[in-house]
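Beneath this line is the structure, given in C-alpha cells, with notes to follow.
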Amino acid sequence: MFIPSGQMLCSRKKSLLRLEVDKGVTGFQSLAAIHGEPSQCSNGDNTSVACCVHGMATFPQWHRLYVVQLEQALVERGWWGWGCPTGTGPSRSQSYLA
Numbered sequence: 377m378f379i380p381s382g383q384m385l386c387s388r389k390k391s392l393l394r395l396e397v398d399k400g401v402t403g404f405q406s407l408a409a410i411h412g413e414p415s416q417c418s419n420g421d422n423t424s425v426a427c428c429v430h431g432m433a434t435f436p437q438w439h440r441l442y443v444v445q446l447e448q449a450l451v452e453r454g455w456w457g458w459g460c461p462t463g464t465g466p467s468r469s470q471s472y473l474a
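Take a look at the structure:
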C-alpha cells in the first residue's frame with residue numbers, strides 16, 4: 377500500500393487551496409458549476425437549474441468532461457509532481473486503499 381509523505385500531502389493541500397481561491401474559468405466554482413452547483417442553466421421559466429444531472433442520458437459525456445477539466449486544473453496547480461525522483465510516488469500497481 378502506498379502511503380503519501382507529509383510533503384506530498386502538503387503540496388496537494390496547497391494545490392486544492394489554489395484551485396478553491398481561483399475565481400477564473402478554471403477555478404473550483406466554475407468547474408463545480410458543470411456538476412450542478414451553482415445552478416447556471418435556465419429551465420424556460422427563468423429559474424436556475426443544474427445543467428448536468430446524474431441519471432440523464434448525457435451523463436457519460438458531461439461527467440467525463442468535468443473529471444478531465446478538474447484533473448487539468450489540479451495539474452496546473454501542482455497536484456501531480458511527475459518530476460519527483462523515482463520511488464517517491466505511487467506506481468500504477470499500488471493502491472491507496474488498504
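Its first residue numbered 377, the sequence shown is counted upward by one per residue in the working numbering.
In this text, a Cβ means the ideal position worked out from N, Cα and C, and glycines have one as well.
Predicted model, so just to flag it, every value in this text is computed and none were measured.
1. For R440, which of H411, R394, V401, G454 has the nearest alpha-carbon?
2. Is there contact here, the region 445-457 with the region 385-394, by at least three beta-carbon pairs under 8 angstroms?
3. Just to confirm the assignment, what range does the alpha helix (DSSP H) spanning G382 have?
4. Does the separation of the CB atoms of A426 and S415 fall below 7 angstroms?
For this structure:
1. H411
2. yes
3. 382-397
4. yes
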